[in-house]
Amino acid sequence: MDDHSIIERYERAWIFFGLGMIVVFILLIGYTLVSSRGSIPLAVGQVNASEVRTQGEFANPRVEKVGRDYVVYMQAFAFGYLPADIRVKKGAKVTFYITSPDVLHGFNIERTNINVEVIPGEIAKVSQVFNQTGEYRILCNEYCGIGHASMISKITVEE
Amino acid sequence: MAVLTPSKIDAYALAPEKKLTLYMLMLGFAALLVGTLFGPLQAFNYAGINLYTFLKPLVQSYYQGLTIHGVLNAIVFTQLFGQAVMLYLPSRELGLRPNMTLAWVSWWMALVGLLITALPILANAASVLYTFYPPLQAHWAFYVGAAIFVLSSWVTVYLTLEMWMRWKRRNPGQITPLATYMAVTFWLMWWLCSLGLVVEVAVFLIPWSTGLIGGVDPLLMRTLFWFTGHPIVYFWLLPVYTLAYTTLPRLAGGKLISDPLARLVFLLFLLFSIPVGFHHQFSDPGIAPAWKFIHMVLTMMVAVPSLITAFTLAASLENAGRARGGQGWFGWIKALPWNNPTVLSFLLGLLAFIPGGAGGMVNASFTLNQGIHNTTWIPGHFHLQVATLVTMGAMGTAFWLIPHLTGKRLVGEGYAVASQWLWFLGMFIMTFALHWMGWLYQIPRRAFISGSPAAMEAYKQSGVWMALNAISGIILTIAIIFFFYVIFATALQSRHEPSQVMAEVPFTQVISGPQGSGLAALTERVWFWFGVAVVLVVLAYGPVLFQMLTHLNPVPGQRLW
Numbered sequence: 003m004d005d006h007s008i009i010e011r012y013e014r015a016w017i018f019f020g021l022g023m024i025v026v027f028i029l030l031i032g033y034t035l036v037s038s039r040g041s042i043p044l045a046v047g048q049v050n051a052s053e054v055r056t057q058g059e060f061a062n063p064r065v066e067k068v069g070r071d072y073v074v075y076m077q078a079f080a081f082g083y084l085p086a087d088i089r090v091k092k093g094a095k096v097t098f099y100i101t102s103p104d105v106l107h108g109f110n111i112e113r114t115n116i117n118v119e120v121i122p123g124e125i126a127k128v129s130q131v132f133n134q135t136g137e138y139r140i141l142c143n144e145y146c147g148i149g150h151a152s153m154i155s156k157i158t159v160e161e
Numbered sequence: 008m009a010v011l012t013p014s015k016i017d018a019y020a021l022a023p024e025k026k027l028t029l030y031m032l033m034l035g036f037a038a039l040l041v042g043t044l045f046g047p048l049q050a051f052n053y054a055g056i057n058l059y060t061f062l063k064p065l066v067q068s069y070y071q072g073l074t075i076h077g078v079l080n081a082i083v084f085t086q087l088f089g090q091a092v093m094l095y096l097p098s099r100e101l102g103l104r105p106n107m108t109l110a111w112v113s114w115w116m117a118l119v120g121l122l123i124t125a126l127p128i129l130a131n132a133a134s135v136l137y138t139f140y141p142p143l144q145a146h147w148a149f150y151v152g153a154a155i156f157v158l159s160s161w162v163t164v165y166l167t168l169e170m171w172m173r174w175k176r177r178n179p180g181q182i183t184p185l186a187t188y189m190a191v192t193f194w195l196m197w198w199l200c201s202l203g204l205v206v207e208v209a210v211f212l213i214p215w216s217t218g219l220i221g222g223v224d225p226l227l228m229r230t231l232f233w234f235t236g237h238p239i240v241y242f243w244l245l246p247v248y249t250l251a252y253t254t255l256p257r258l259a260g261g262k263l264i265s266d267p268l269a270r271l272v273f274l275l276f277l278l279f280s281i282p283v284g285f286h287h288q289f290s291d292p293g294i295a296p297a298w299k300f301i302h303m304v305l306t307m308m309v310a311v312p313s314l315i316t317a318f319t320l321a322a323s324l325e326n327a328g329r330a331r332g333g334q335g336w337f338g339w340i341k342a343l344p345w346n347n348p349t350v351l352s353f354l355l356g357l358l359a360f361i362p363g364g365a366g367g368m369v370n371a372s373f374t375l376n377q378g379i380h381n382t383t384w385i386p387g388h389f390h391l392q393v394a395t396l397v398t399m400g401a402m403g404t405a406f407w408l409i410p411h412l413t414g415k416r417l418v419g420e421g422y423a424v425a426s427q428w429l430w431f432l433g434m435f436i437m438t439f440a441l442h443w444m445g446w447l448y449q450i451p452r453r454a455f456i457s458g459s460p461a462a463m464e465a466y467k468q469s470g471v472w473m474a475l476n477a478i479s480g481i482i483l484t485i486a487i488i489f490f491f492y493v494i495f496a497t498a499l500q501s502r503h504e505p506s507q508v509m510a511e512v513p514f515t516q517v518i519s520g521p522q523g524s525g526l527a528a529l530t531e532r533v534w535f536w537f538g539v540a541v542v543l544v545v546l547a548y549g550p551v552l553f554q555m556l557t558h559l560n561p562v563p564g565q566r567l568w
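Line by line, the protein sequences give chains X and Z.
Quick note, in this note's numbering, the first sequence goes up one by one and the last residue is 161.
Quick note, in this note's numbering, the second sequence goes up one by one and the last residue is 568.
Rendered as structure tokens:
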């Protein structure tokens, strides 16, 4: 009963199993990263958060059509998103540039892998191809103040 | 009754560290009582039921209540429990007394820090949640109080290390006893990782909130916060791991399988707990994906000591079950003393830790994290870890530790057992619902949805899961009442029956000891390994922090609650 030698074999096997599992996980995640197609938030530069509303690209939040695709310059602010009305065509690639003029916000598009921490002073870039028509809600998932729970917007994907 | 007074003084005069430990513990449980009473309010919120309307004007908002819940439970209770146990265990094991003057300084710092932090929170001037991300700006007293509170733990770091080094001088060439080894590596890990939080608060947030500087860089503040913020979860967990290794096998009637492997576990936590913070920032722009990937690999490494722990504890419990006459594949489980409230709390807590750990691997997986980041999946995950295993381990330990410290018998053992079953059941139902709500419906965490018609409309599909939250809220409320009745009735009764309580800490025996073990000798070189931990931190954080510090982008504070 109090002999450790048998259990030591299992012990060693379990540790190797654990290490092996981790190696497999890391390889799988590496693969999903390589094939993630723009859903990983990238930093494209810094802005002065106090001037976001008055100067530069974000003072004019908009959806721009570039060929088949779209570029969206977006503000996440307390408590909403600009532009509020986003309409894009199914199958087109939509690239979002997004920043905040005030505090931290979330930018999570339901039913996609888009999930960005919007940080004042930092410009984040992500892109997504919407393959189904309909409405996709945008949800703020970082606490930003008393109106946080109601900070919901939407993207409409049309045929 | 005046006769009782001198005998009371005498009881603690022989062991003043017992009184200190009791005060640390009870201050922690008092904080936990207030903090957990706000828990069901959060559960009901995620059931679409707003109970905060009944608390006005005492509590102004859901976010104020959530700040109280998070700060008291996750920061205050956990630290005080660590300060109580991780100084007392080595003190008993080594037969040494810490410097009592400094020990009381640490208790008063914790109390004063807690009170200074509490004032602005209660005045709704610091509803910034326990992560207090700038640019949301709390009243300066919130940061000052938090700093004093955290610095109190540095005093305990010194006390433990001083006691250990005193022992080393008297016992040259000897291997440090196990619980002391765990305490030493634990405090070194905490000291190193707490630097992030201390720098964030002392260098940036206090000058900013008092108006000395106009802005702080939100990305840098998040990075400093998570420098401490991930290892802090091991700071919460390791006192309970220490108790599970050094007392649980004995309480269950068995022996610990391997002492050297337990040392390896704590050494791995010292090395890998800290350079992993970016896995909380996978969604942040401003940190290159390659750096996030490096932290992800290191995060996966920190799963190894928990996997080893799962094996060692399960094997030690099997040893206990068989020693109690359990037969066959599962008979040993049945033979364990499930009616012992301490053993029960650990068994249930460890059970919850299995799905909790698996969920943690999901969070740590860069791309999978995109599906659940900042959704209710996250509080679902950590309520399995810190609110189930850590809290239940602390509650279970209190059932023998308070009698041991006070010489008073445990009152209401039946309520103690019931509180643990109800706590486990309530947490299991709630975390199950929160995981699904976050993953399937992307429902954000920390959102006052019950007060927002727009949110309730958006999340109406998850009604069934929401109902589970309400049920768990009721179960957990009963568990809270039972538990706090037991510990306060025990500690505040006037009857002393020293012969009826455990006279000594129930340190467990081991099957494979440290003598002659190459592994134990290797892990004993604590300062060398501490140096390796520092190097790992510098490599994993240095370049990114340097980049951020040389590109500061300060943003003014806002108060939006």
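We put the beta carbon where it would ideally sit given N, CA and C, even for glycine.
Please read all numbers here as calculations on a predicted model, not as lab measurements.
Segments assigned alpha helix (DSSP H), at least 4 residues, entirely inside the stretch 441-502 of chain Z: DSSP runs (the alpha helix (DSSP H)) wholly in the stretch 441-502 of chain Z: 460-465 and 470-499.
Z/Val-210 to Z/Phe-489 span [Cα, whole Å]: As a first step, residue 210 of chain Z must be located in the second sequence, where it is residue number 203. As a first step, residue 489 of chain Z must be located in the second sequence, where it is residue number 482. Rounded to the nearest angstrom, the two C-alpha atoms are 43 Å apart.
Distance, Z/Leu-343 Cα to Z/Gly-260 Cα: Taking the second sequence and counting its residues from 1, the one referred to as residue 260 of chain Z is at position 253. Taking the second sequence and counting its residues from 1, the one referred to as residue 343 of chain Z is at position 336. For Z/Gly-260 and Z/Leu-343, the distance between alpha carbons rounds to 8 Å.
Chain X contact for Z/Ala-557 (CB, 8 Å cutoff): As a first step, residue 557 of chain Z is located in the second sequence; it is residue number 550 there, counting from the start. As written in the sequence, residue 557 of chain Z is Thr, which differs from the Ala given in the question. It does not; no Cβ of chain X falls within 8 Å.
Min CB distance Z/Ile-361 to chain X below 8 Å: Working through the second sequence from its first residue, we reach residue 361 of chain Z at position 354. For Z/Ile-361, the closest Cβ of chain X is not nearer than 8 Å.
Short CB-CB distance (under 8 Å) between Z/Asn-578 and chain X: No answer is possible for residue 578 of chain Z: the residues shown for chain Z start at 8 and end at 568.
Contact set between X/Asn-117 and chain Z, taken where Cβ atoms lie within less than 9 Å: The sequence position of residue 117 of chain X within the first sequence is 115, counting from 1. Residues of chain Z passing the Cβ test: Phe-289, Ser-290, Asn-376, Gln-377, Gly-378, Ile-379, His-380, Asn-381, Thr-382 and Gln-449.
Spatial distance of X/Val-120 from Z/Pro-292 (CA atoms): For the purposes of this step, residue 120 of chain X is taken as residue 118 along the first sequence, with counting starting at 1. For the purposes of this step, residue 292 of chain Z is taken as residue 285 along the second sequence, with counting starting at 1. About 8 Å.
Neighbour-count burial assignment, Z/Trp-336, 16 or more Cβ in a 10 Å radius: On the second sequence, residue 336 of chain Z is found 329 positions in, with the first residue counted as 1. Taking all protein chains in view, the Cβ of Z/Trp-336 is surrounded by fewer than 16 other Cβ atoms within 10 Å, so the residue is classified as exposed.
Whole-angstrom distance between Z/Ala-440 and Z/Ile-385, CA atom to CA atom: To locate residue 385 of chain Z, count along the second sequence from 1; it is residue 378. To locate residue 440 of chain Z, count along the second sequence from 1; it is residue 433. Cα-Cα distance, rounded: 12 Å.
Residue-level contact to chain X via CB, Z/Pro-13, 8 Å cutoff: If you number the second sequence from 1, residue 13 of chain Z lands on position 6. Low per-residue confidence applies at Z/Pro-13: pLDDT is 46, beneath 50, and the placement is therefore not dependable, though the value from the model is reported in the following sentence. For Z/Pro-13, the answer is no, since every Cβ of chain X falls outside 8 Å of its Cβ.
Below-8 Å beta-carbon distance, Z/Tyr-19 vs any chain X residue: Taking the first residue of the second sequence as 1, we reach residue 19 of chain Z at position 12. No, Z/Tyr-19 does not count as interfacial toward chain X.
Which residues DSSP lists as bridging X/Phe-98, in chain order: For the purposes of this step, residue 98 of chain X is taken as residue 96 along the first sequence, with counting starting at 1. For X/Phe-98, the pairing in a beta bridge is given by DSSP as X/Val-74 and X/Val-128.
C-beta contact flag for Z/Ala-133 and Z/His-146 at 8 Å: The sequence position of residue 133 of chain Z within the second sequence is 126, counting from 1. The sequence position of residue 146 of chain Z within the second sequence is 139, counting from 1. Contact flag set, yes.
When Z/Ile-264, Z/Ile-482, Z/Arg-416 and Z/Val-544 are compared against Z/His-302, the one with the closest alpha-carbon: For the purposes of this step, residue 302 of chain Z is identified with residue 295 of the second sequence, where counting begins at 1. Of the candidates Z/Ile-264, Z/Ile-482, Z/Arg-416 and Z/Val-544, the residue whose Cα lies closest to the Cα of Z/His-302 is Z/Val-544.
X/Arg-139 at chain Z interface by Cβ criterion, 8 Å: Counted from its first residue, the first sequence places residue 139 of chain X at position 137. Yes - at least one Cβ of chain Z is within 8 Å of the one on X/Arg-139.
Nearest candidate by alpha-carbon position, reference Z/Ala-330, set Z/Ala-371, Z/Arg-257 and Z/Trp-536: Translated into the one-based positions of the second sequence, residue 330 of chain Z becomes position 323. Closest option to Z/Ala-330, judged by alpha-carbon separation, among Z/Ala-371, Z/Arg-257 and Z/Trp-536: Z/Arg-257.
Residues near Z/Gly-77 in its chain [Cβ-Cβ closer than 6 Å; skip 5 each side]: Position 70 of the second sequence, counted from the start, is the residue given in the question as residue 77 of chain Z. Taking C-beta separations shorter than 6 Å and ignoring five residues to either side along the sequence, the partners of Z/Gly-77 in its chain run Leu-136 and Tyr-137, following chain order.
Assumed close pair X/Val-131, X/Gly-69 - CB separation to whole angstroms, cut-off 8 Å: For this step, residue 131 of chain X is matched to residue 129 along the first sequence. For this step, residue 69 of chain X is matched to residue 67 along the first sequence. About 14 Å; that fails the 8 Å criterion.
Where the stretch 211-224 of chain Z meets chain X: residues whose CB sits under 9 Å from a CB there: Listed by position, the residues of the stretch 211-224 of chain Z near chain X (Cβ gap below 9 Å) are Gly-222 and Asp-224.
Proximity test, Cβ basis, 8 Å: Z/Met-107 and chain X: Within the second sequence, the letter at position 100 stands for residue 107 of chain Z. With 8 Å as the cut-off, Z/Met-107 does not count as an interface residue toward chain X.
Chain X within 8 Å of Z/Phe-242, Cβ atoms only: For this step, residue 242 of chain Z is matched to residue 235 along the second sequence. Any Cβ of chain X closer than 8 Å to the Cβ of Z/Phe-242 would place that residue at the interface, and such an atom is absent.
Of the listed residues X/Ser-102, X/Phe-98, X/Val-65 and X/His-107, nearest to X/Asp-87 (C-alpha basis): For the purposes of this step, residue 87 of chain X is identified with residue 85 of the first sequence, where counting begins at 1. The option with the nearest alpha carbon to X/Asp-87 is X/Val-65.
Contact with chain Z by X/Ser-129, beta-carbon distance below 8 Å: Numbered from 1 along the first sequence, position 127 holds the residue referred to as residue 129 of chain X. When Cβ-Cβ separations below 8 Å define contact, X/Ser-129 makes no contact with chain Z.
DSSP three-state assignment for Z/Glu-207, whether helix, strand or coil: Counted from its first residue, the second sequence places residue 207 of chain Z at position 200. Z/Glu-207 falls in the helix class under three-state DSSP.
At least three beta-carbon pairs within less than 8 Å, the stretch 265-278 of chain Z to the stretch 182-197 of chain Z: At 8 Å Cβ cutoff, the stretches touch.
For Z/Asn-370, the nearest candidate out of Z/Leu-204, Z/Phe-406, Z/Leu-65 and Z/Ser-290 (CA to CA): In the second sequence, the residue the question calls residue 370 of chain Z occupies position 363. Nearest of Z/Leu-204, Z/Phe-406, Z/Leu-65 and Z/Ser-290 to Z/Asn-370, Cα basis: Z/Ser-290.
Alpha-carbon to alpha-carbon, Z/Leu-324 and Z/Asn-178: In the second sequence, the residue the question calls residue 178 of chain Z occupies position 171. In the second sequence, the residue the question calls residue 324 of chain Z occupies position 317. Just so you know, the alpha carbons of Z/Asn-178 and Z/Leu-324 end up roughly 32 Å apart.
C-beta atoms of Z/Gly-366 and Z/His-388 nearer than 8 Å: Walking along the second sequence from the start, residue 366 of chain Z turns up at place 359. Walking along the second sequence from the start, residue 388 of chain Z turns up at place 381. Cβ distance < 8 Å, so Z/Gly-366 and Z/His-388 count as in contact.
Residue-chain proximity (X/Asn-133, chain Z), Cβ-Cβ < 8 Å: Within the first sequence, the letter at position 131 stands for residue 133 of chain X. It does not; no Cβ of chain Z falls within 8 Å.
Nearest-angstrom Cβ-Cβ length linking Z/Phe-360 and Z/Tyr-69, presumed shorter than 8 Å: Here residue 360 of chain Z refers to the residue found at position 353 when the second sequence is read from its first residue. Here residue 69 of chain Z refers to the residue found at position 62 when the second sequence is read from its first residue. Not confirmed; about 29 Å, so no contact.
Whole-angstrom C-beta distance between Z/Val-493 and Z/Gly-419, which should lie under 8 Å: On the second sequence, residue 419 of chain Z is found 412 positions in, with the first residue counted as 1. On the second sequence, residue 493 of chain Z is found 486 positions in, with the first residue counted as 1. The C-beta distance from Z/Gly-419 to Z/Val-493 rounds to 5 Å, short enough to fall under 8 Å.
X/Asn-62: contacting residues in chain Z (beta-carbon distance under 8 Å): One-based indexing of the first sequence puts residue 62 of chain X at position 60. Within chain Z, no residue comes near X/Asn-62; the closest Cβ sits about 21 Å away, beyond 8 Å.
Ranges of the beta strand (DSSP E) found wholly within the stretch 234-283 of chain Z, counting only runs of at least 3: Complete beta strand (DSSP E) runs here, min 3: 263-265.
The stretch 100-115 of chain X touching the stretch 135-153 of chain X, judged by at least three CB pairs closer than 8 Å: Contact between the stretch 100-115 of chain X and the stretch 135-153 of chain X is present, because at least three Cβ pairs lie under 8 Å.
Contact with chain Z by X/Val-26, beta-carbon distance below 8 Å: As a working note, residue 26 of chain X is residue 24 in the first sequence. False, the Cβ-Cβ gap to chain Z never drops below 8 Å.
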